[in-house]
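Single-structure report; data block below.
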Amino acid sequence: MTATRAWMILVGLSALSTLAAASGIAGPWLAVAVLPVAGLKGRVILNHYLHLAQAPEIARGFSLVLGLFIALLIGLAILPSA
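Here the numbering used here is used: the first residue of the sequence shown is 2, the next is one more, and so on.
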C-alpha cells in the first residue's frame, strides 16, 4: 500500500466518523458506530506507517489487542443504558 492510498483511506474513515457524529446518533449508539471505524484507522496506521505489515505475527497481536480494546470500550458505552 502506498502512503497516498493509506492517507486516502484514513481521510475516508475520518469522513465516515464525522458523518456518523453529524447524523444525530447520540449516546452509546454513537460509540457503536464510531469506535469500529477508529479501530480500522488504528490498523491502517499500525500496518502502514509503523510497518507492522512486514511482521504479520506482531501485526496480528496488535490487531487482537486493538480489537479487544475496542470491544471493551463499546461494552462500557452500552453498559449504562442496559
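Cβ coordinates follow ideal geometry from the N, Cα and C atoms, glycine included.
query: Three-way DSSP call (helix, strand, coil) for Ser-24 in this model; result: coil
query: Test item: CB-CB of Leu-74 and Phe-63 under 8 Å; result: no
query: Nearest-angstrom Cβ-Cβ length linking Ile-71 and Gly-40, presumed shorter than 8 Å; result: 4 Å
query: Burial state of Val-38 (16 or more Cβ within 10 Å); result: buried
query: CB of Val-35 within 8 Å of CB of Ala-22, strictly; result: yes
query: Host alpha helix (DSSP H) of Pro-57 (start-end); result: 57 to 79
query: Inter-residue Cα distance where the pair is Leu-69 and Gly-76; result: 10 Å
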